[in-house]
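**Student:** Residue numbers (my numbering): 142 to 199.
Just so you know, even glycine gets a beta-carbon here, dropped at the ideal spot from N, CA and C.
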């Protein structure tokens, strides 16, 4: 999931879990959080992306 939270560029990402829930790190130093996709986050969402075949682990 890609979000524009500051200006016109993607500035935040999350991983969609299903049922309108996603995980993300709210900011540096904060714990990873599960959040409902509504309100603020729904307005800031600009797109989804994913791996279909060759997803590697860095």
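Could you please give the first and the last residue of the uninterrupted beta strand (DSSP E) stretch that includes residue 159?
**Tutor:** Position 18 of the chain shown holds residue 159. Element bounds for residue 159: 156–159.
**Student:** In angstroms with no decimal places, state the Cα-to-Cα distance between residue 188 and residue 143.
**Tutor:** Along the chain shown, one-based indexing puts residue 188 at 47. Along the chain shown, one-based indexing puts residue 143 at 2. Approximately 5 angstroms, taken between the alpha carbons.
**Student:** Taking the Cβ atom as the reference point for each residue, do residue 146 and residue 164 lie within a distance shorter than 9 angstroms?
**Tutor:** Taking the chain shown and counting its residues from 1, the one referred to as residue 146 is at position 5. Taking the chain shown and counting its residues from 1, the one referred to as residue 164 is at position 23. Not in contact: residue 146 and residue 164 (Cβ atoms no closer than 9 angstroms).
**Student:** Tell me the residue span of the alpha helix (DSSP H) that contains residue 180.
**Tutor:** The count along the chain shown starts at 1 and reaches residue 180 at position 39. Looking at the DSSP string, the run of the alpha helix (DSSP H) that includes residue 180 is 180–185.
**Student:** Kindly indicate which three-state DSSP category residue 163 falls into: helix, strand or coil?
**Tutor:** In the chain shown, residue 163 corresponds to position 22, counting from 1. Reduced to three states, the DSSP call for residue 163 is strand.
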